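In this note's numbering, the protein residues as written are 23 to 486.
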């Protein structure tokens with residue numbers, strides 16, 4: 023797993039660059055590191071599946087695809103962080119290093135073959151995010167968000183670790199292949215196995231903001247600096263779903279009849295909680311938090327089905343969702359900086375986008391495409407993401423869940439269009455926003471990717 027080694031070593035290099043008087047080298051150095059790691063991630067694309075680190079990490083096209091998504095998402099997010107360098111109170115070397123180290127945890131979660139490695143990956147990712155969430159020390163919302171995230175994350179980790187211990191007690195191994203062998207060889211597995219699996223799933227579902235383990239999400243996403251909210255809602259969620267898929271498909275497909283109904287109920291609760299609660303939000307940032315919960319529900323729908331289509335559907339949906347989310351938050355950061363220097367809350371409301379289309383047509387277009395993609399409107403990547411997820415559920419015959427998901431998708435159109443209506447149909451006092459050429463390039467790139475995959479979805483789907 024070359025990306026893990028490179029991220030670990032080069033992350034330390036970025037940290038030591040922080041001792042220089044000038045901060046200007048930190049951003050290009052971090053982007054260069056991520057570009058190198060992204061290329062290294064696909065070097066063995068055509069090789070046979072491999073095991074590393076004493077059979078504790080696994081690598082195949084699926085893990086490389088998911089690792090590629092989180093690394094590419096990190097590149098796009100870091101590219102939007104020029105403000106770190108300009109802010110005298112910021113510590114960009116520490117921020118960039120923590121982001122690189124958190125990617126180590128994300129890649130471990132994606133490619134784990136041993137539950138111990140899954141736990142280590144989750145801890146590396148989680149601890150980094152606890153710190154980054156509270157990095158705006160002068161902002162009480164950021165401090166509160168970090169404390170909530172840390173305390174609730176600690177409880178979830180404890181439950182998950184207890185589940186791993188029970189699974190080890192039942193099967194005698196932490197290895198996914200050995201656990202699968204036990205499940206397939208025993209017609210009546212130990213009750214300890216069932217309890218352990220449920221506790222492990224509870225801990226994992228907390229990480230991806232699935233209901234009813236989602237209550238931390240709105241406050242943490244709302245209180246954290248927006249750039250790190252973007253990071254949490256894309257990279258953390260993507261790594262979490264990759265881990266859950268590998269767990270269920272790699273070890274517990276033999277007892278599908280036991281866990282599918284539990285996951286189905288959680289999926290429906292997540293869809294209802296995320297979409298209905300998002301409707302009455304006045305803050306764009308909190309709406310995006312509940313939107314993140316709702317998208318967790320759509321991904322869970324494909325996990326619940328666990329068909330031959332599920333793997334490619336989850337990969338495509340994760341990329342489409344991540345790109346659109348980065349676009350939306352990228353526009354929000356520019357608008358918030360322009361309109362709300364002294365009031366974060368007002369700067370993050372839907373009203374902040376009023377008149378955006380007249381003075382800033384490019385930003386309005388980027389926001390529109392991202393909202394359309396998240397809503398699942400045709401000709402965007404988000405439409406095909408939902409189509410593939412719904413197709414996997416239809417293959418399994420989960421018609422009742424499919425009906426609920428489609429109804430919730432229509433609800434989603436309402437709250438996503440609130441931002442579009444504000445940008446084009448509301449009068450506002452927004453002036454022309456100065457956007458750096460590189461920032462503008464990143465927003466254009468994410469928009470083009472969303473539209474290209476909306477027109478040619480089979481290009482990505484056929485790779486995995």
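Even glycine gets a Cβ: it sits at the ideal position worked out from N, Cα and C.
Source: prediction; values computed, not measured.
| query | result |
| --- | --- |
| Roughly how many whole angstroms lie between the Cα atoms of residue 242 and residue 166? | 8 Å |
| At the level of alpha carbons, what is the spacing between residue 198 and residue 369? | 47 Å |
| Could you compute how far the alpha carbon of residue 471 sits from the alpha carbon of residue 201? | 39 Å |
| With a threshold of 16 other CB atoms inside 10 Å of the CB of residue 377, please say whether the residue is buried or exposed. | buried |
| If you measure between the beta carbons of residue 230 and residue 339, is that distance less than 8 Å? | no |
| Alpha helix (DSSP H) containing residue 267: first to last residue? | 259-273 |
| Using a threshold of 8 Å, state whether the C-beta atoms of residue 395 and residue 403 are closer than that. | yes |
| With 16 other CB atoms within 10 Å as the buried threshold, where does residue 487 fall? | Any answer about residue 487 is impossible in this case: the structure gives the chain only from 23 up to 486. |
| Verify whether the separation of the beta carbon atoms of residue 372 and residue 440 is less than 8 Å. | yes |
| Comparing alpha-carbon positions, which option in 341, 290, 306 and 310 lies nearest residue 320? | 290 |
| Between the segment 316-336 and the segment 63-71, can you find at least three pairs of beta-carbon atoms closer than 8 Å? | no |
| Just to confirm the assignment, what range does the beta strand (DSSP E) spanning residue 313 have? | Here residue 313 belongs to no beta strand (DSSP E); instead the alpha helix (DSSP H) covers 306-327. |
| Compare the beta carbon distance of residue 128 and residue 315 with 8 Å and say whether it is the shorter of the two. | no |
| Which residue's Cα is closest to the Cα of residue 294: 430, 417, 181 and 40? | 430 |
| Can you tell me which residues form a DSSP beta bridge with residue 80? | 73 |
| Taking one C-beta from the segment 173-180 and one from the segment 133-153 each time, how about it: are there three or more such pairs within less than 8 Å? | yes |
| Consult DSSP for residue 364 and reduce its assignment to one of helix, strand or coil. | Only weak support is given to the placement of residue 364: the predicted model assigns it a pLDDT of 40, under 50, and the value that follows is read from those uncertain coordinates. Correct three-state label for residue 364: coil. |
| Which same chain residues end up closer than 8 Å to residue 117 when comparing Cβ atoms and leaving out the 5 residues on each side of it in sequence? | 103, 106, 154 and 157 |
| If residue 58 sits next to residue 28, beta carbons under 8 Å apart, how far is it from one beta carbon to the other, in whole angstroms? | 6 Å |
| Look up residue 134 in the DSSP assignment and give the residues it is bridged to. | 79 |
| Should residue 239 go down as buried or exposed, given a rule of 16 or more other Cβ atoms within 10 Å for buried? | buried |
| What is the rounded straight-line gap between the Cα of residue 51 and the Cα of residue 375? | 33 Å |
| Quick check for students: name the residue ranges of the alpha helix (DSSP H) that lie wholly in the segment 39-75, counting only runs of 4 or more. | 48-63 |
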